[in-house]
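What the sequence shown shows, in my numbering, is residues 7 to 345, in sequence order.
Below is one structure, written out as structure tokens; the observations come after it.
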Amino acid sequence: MSLLELDHVAVRYGAGRHALTAVDDVSLAVEAGTSIGIVGESGSGKSTLARAIVQLVPTASGRITLDGRDVTGARGSAVRHIRDRVQMVFQDPFASLNPRRTVGATLAEAVGLNDRRASGGGDRQARVTELLELVRLDPAARYRYPNEFSGGQIQRVAIARALAAGPRLLILDEVTSALDVSVQAAILNLLRDLRERLGLTYLCISHDLSVIGYLCQSAVVMYLGQLVEAVPCADLFSAPRHPYSRSLLDSVPQVRGERIRATASGDVPNPRFPPPGCRYHPRCAVGPLAQPGREACLQRDPHQDDGRAASLNGGPVTGPGSGAVGGRFAACHFPLGAP
Ligand code: ADP
Ligand code: MG
7 MSLLELDHVA VRYGAGRHAL TAVDDVSLAV EAGTSIGIVG ESGSGKSTLA
57 RAIVQLVPTA SGRITLDGRD VTGARGSAVR HIRDRVQMVF QDPFASLNPR
107 RTVGATLAEA VGLNDRRASG GGDRQARVTE LLELVRLDPA ARYRYPNEFS
157 GGQIQRVAIA RALAAGPRLL ILDEVTSALD VSVQAAILNL LRDLRERLGL
207 TYLCISHDLS VIGYLCQSAV VMYLGQLVEA VPCADLFSAP RHPYSRSLLD
257 SVPQVRGERI RATASGDVPN PRFPPPGCRY HPRCAVGPLA QPGREACLQR
307 DPHQDDGRAA SLNGGPVTGP GSGAVGGRFA ACHFPLGAP
């Protein structure tokens with residue numbers, strides 16, 4: 007049994023003319039003890055997917071199972087079931103912490119909410135010390151307010167607060183994206199150590215492929231709300247199958263290279279009106295605009311083409327909707343590297 011399973015999950019914002027499907031038919035299984043990355047350009051639905059998992063946004067359809075329990079549309083005790091197991095850390099920790107409370111008060115509250123064993127004040131303070139030490143902050147940091155910390159330090163506080171619940175799964179949404187490069191490395195090292203020490207599972211969202219490569223064994227690539235590729239990281243970097251994944255890799259600036267290559271050509275289409283057929287076709291380097299005769303891309307969404315895409319990609323994965331990681335899958339009529 008997977009720790010987390012998403013089964014054909016969709017999330018929509020708005021209604022009528024303004025409706026937008028931010029997450030479209032996403033299936034994914036996350037095994038305990040693994041780290042999975044979610045990559046994709048801004049607006050591809052990564053944060054929405056994360057928010058759906060912790061029920062910060064409702065799902066329009068599909069099912070979310072956490073630790074064997076269906077938590078779709080969770081209320082009451084199911085919310086507790088989620089909060090005890092899953093915590094999120096965001097890009098901007100200052101926004102998620104109360105500026106008028108000391109770090110110690112914030113952490114003590116998180117401990118009290120989540121750790122039924124730490125009932126007395128002394129227990130809580132001991133646990134706060136432990137949490138601060140876990141994230142390598144001086145225990146005296148408890149007396150300070152958020153604005154007295156640097157960006158990297160406050161992100162440590164946010165991680166400590168997430169850990170107060172004793173979660174099994176941490177969802178890390180762009181947690182290093184707002185930090186200086188030197189600070190990023192320290193936070194990434196810390197996250198890797200914490201995973202080993204506490205046996206955590208990570209769902210790690212980033213538009214930065216190097217972050218995913220450092221923290222995760224496998225990755226899923228999202229485009230306009232859909233999962234377009236599921237792949238072990240080693241293969242993502244050496245031999246991606248989806249042309250969109252390829253373009254993401256090519257767009258990583260190479261400081262020592264001859265020039266910085268362009269990202270996927272053209273802009274991301276309006277998600278309210280996704281292109282027909284394969285959503286990526288208007289930008290695809292090997293699609294119908296580049297290679298005449300590739301009519302399939304204009305006519306059929308590879309996600310609706312279960313058997314065909316699965317066999318084309320040769321993996322053990324059951325269908326394009328099932329981004330089960332471990333096997334590979336690419337929702338593409340003409341995947342790269344196919345004979
Ligand atoms: P990512 O995290 O990959 O950048 P998001 O999940 O934030 O993507 O956004 C996915 C899509 O949903 C985008 O088109 C975004 O504009 C839209 N969106 C996000 N949040 C809301 C919201 N609260 N209301 C309406 N649309 C939203
Ligand atoms: Mg986001």
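We put the beta carbon where it would ideally sit given N, CA and C, even for glycine.
### Where the alpha helix (DSSP H) through residue 131 begins and ends
Against the sequence shown, residue 131 aligns to sequence position 125. Taken as a continuous stretch (DSSP letters only), the alpha helix (DSSP H) holding residue 131 covers 127-140.
### Neighbourhood of residue 296 by C-beta, 8 Å cutoff - its chain only, sequence neighbours within 5 removed
Locating residue 296 in the sequence shown gives position 290, counting from the first residue. Cβ within range, chain order: 290.
### Query
How many angstroms separate the CA atom of residue 30 from the CA atom of residue 285?
As a working mapping, residue 30 is identified with position 24 in the sequence shown. As a working mapping, residue 285 is identified with position 279 in the sequence shown. Roughly 12 Å separates the two Cα atoms.
### Query
DSSP on residue 90, reduced to helix/strand/coil?
Taking the sequence shown and counting its residues from 1, the one referred to as residue 90 is at position 84. Reduced to three states, the DSSP call for residue 90 is helix.
### Message
Looking at the secondary structure, which residues open and close the beta strand (DSSP E) in which residue 296 lies?
### Response
Locating residue 296 in the sequence shown gives position 290, where the first residue counts as 1. Careful: residue 296 lies outside any beta strand (DSSP E) and carries neither H nor E.
### Query
How about residue 49: is its Cβ closer than 7 Å to a heavy atom in the ligand ADP?
By 1-based counting over the sequence shown, the position of residue 49 is 43. Result yes, Cβ under 7 Å from the ligand ADP.
### residue 156 versus residue 57: straight-line alpha-carbon distance, rounded
Sequence index remark: in the sequence shown, residue 156 carries index 150 (1-based). Sequence index remark: in the sequence shown, residue 57 carries index 51 (1-based). Note on geometry: alpha-carbon atoms of residue 156 and residue 57 lie some 26 Å from one another.
### Query
What residues are listed by DSSP as bridge partners for residue 207?
The residue labelled residue 207 in the question sits at position 201 within the sequence shown. Among the bridge pairs identified by DSSP, residue 207 is matched with 175.
### Task
Would you check if there are 3 or more beta carbon pairs closer than 8 Å linking the stretch 139-151 to the stretch 57-72?
Taking 8 Å as the limit for Cβ pairs, the verdict is that the stretch 57-72 does not touch the stretch 139-151.
### Check whether residue 247 and residue 283 have beta carbons under 8 Å apart
As a first step, residue 247 is located in the sequence shown; it is residue number 241 there, counting from the start. As a first step, residue 283 is located in the sequence shown; it is residue number 277 there, counting from the start. Not a contact, by the Cβ cut-off of 8 Å.
#### Entry: First and last residue of the uninterrupted alpha helix (DSSP H) at residue 54
Reading the sequence shown from its first residue, position 48 is the one you call residue 54. Start and end: 52-59.
#### Entry: Inter-stretch contact at 8 Å, needing at least 3 Cβ pairs: the stretch 211-219 / the stretch 127-141
Counting Cβ pairs under 8 Å, fewer than three are found: no touch.
### Task
Look up residue 310 in the DSSP assignment and say whether it is helix, strand or coil.
As a position in the sequence shown, residue 310 is number 304, starting the count at 1. Note: residue 310 maps to helix in three-state DSSP.
### Task
State buried or exposed for residue 323, treating a residue as buried only when at least 16 other CB atoms are found within 10 Å of its CB.
Residue 323 sits at position 317 when you count from the first residue of the sequence shown. With a pLDDT of only 35 at residue 323, under 50, the local geometry of the prediction cannot be trusted, and the value read off the model is given with reservation. With 16 or more other Cβ atoms within 10 Å, it is buried.
### Query
What is the DSSP secondary structure of residue 148, reduced to helix, strand or coil?
The residue you call residue 148 lines up with position 142 of the sequence shown. In the structure shown, residue 148 adopts helical secondary structure according to DSSP, grouped into three states.
### Query
Going by Cα to Cα distance, which pick from 293, 119 and 186 is closest to residue 168?
Your numbering for residue 168 matches position 162 in the sequence shown. Residue 168 has its Cα closest to that of 119, out of 293, 119 and 186.
### Message
Restricting to Cα atoms, I'd like to know which of 13, 27, 14 and 41 is closest to residue 199.
### Response
Numbered from its first residue, the sequence shown carries residue 199 at position 193. It is 41.
### Message
What would DSSP say about residue 30, mapped onto helix, strand or coil?
### Response
The sequence position of residue 30 within the sequence shown is 24, counting from 1. Strand.
### Task
Tell me, please, which residues DSSP counts as bridged to residue 69.
Residue numbering aside, residue 69 sits at position 63 when the sequence shown is read from its first letter. For residue 69, which the question treats as bridged, DSSP gives the partners 13.
#### Entry: Burial state of residue 75, where buried means 16 or more other Cβ atoms lie within 10 Å
Here residue 75 refers to the residue found at position 69 of the sequence shown. Around the beta carbon of residue 75, a 10 Å sphere encloses fewer than 16 other beta carbons of the protein chains shown; the residue is thus reported as exposed.
#### Entry: Near the ligand MG: residue 179 beta-carbon under 7 Å from a heavy atom
Working through the sequence shown from its first residue, we reach residue 179 at position 173. The nearest non-hydrogen atom of the ligand MG is less than 7 Å from the C-beta of residue 179.
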